[in-house]
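Numbering (our numbering), first residue to last: 254 to 419.
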């Protein structure tokens, strides 16, 4: 029986390929904090989308639209999803709240306000208002994931919405 060694791989070739693959895998591996940052960015995008929707609705319906962000879960309503809530609402002539849109974000995120971040200790924050002219009162909210980065959403007087990364 004759063995033909020219058709296989040598041990050195296999080791070199294994080392290269492990180096690439180490270089491109995702950390858990990176995944949390990606979900935080997706959450911020959803809130910005809802704010832009509120601004357009305020203009179209000729009424003020408000954003209220709740600091903890189950303050706005009792549920089992372990996520904090925010609402976009209008007020009727008796100052009663009529909810137009609801949203959620992970309770793992810490809620901040103002350009110089101040942790929100009250049950909710509702400074952002869009008028029927498309303008707004100045307001900033921020979300932070544990020891991760703080992402702020700023609404200026012209109703423009900006995302800032710290």
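All C-beta atoms in this analysis are idealised placements derived from N, C-alpha and C, irrespective of residue type, glycine included.
Along the length of the region 361-415, whole beta strand (DSSP E) runs at least 3 residues long occupy 362-366, 392-398, 403-408, reported in chain order.
When the alpha-carbon of residue 388 is set against those of 317, 325, 375, 362, the nearest one is in 317.
One alpha carbon belongs to residue 337, the other to residue 331, and they sit about 10 Å apart. Contact between the region 340-348 and the region 270-281 is absent, with fewer than three C-beta pairs closer than 8 Å. In the structure shown, the three-state DSSP call for residue 316 is coil. Here residue 373 is buried: its Cβ has 16 or more other Cβ atoms, across all protein chains shown, within 10 Å.
Contact between residue 329 and residue 379 fails: their C-beta atoms lie close to 11 Å from each other, not under 8 Å. A direct Cα-to-Cα measurement between residue 402 and residue 293 gives close to 9 Å. Its chain contains 322, 356 as the residues whose beta carbon lies nearer than 6 Å to that of residue 339, once the 5 sequence neighbours on both sides are disregarded; these appear in chain order. Following the DSSP letters along the chain, one finds residue 358 inside the beta strand (DSSP E) bounded by residues 350-359.
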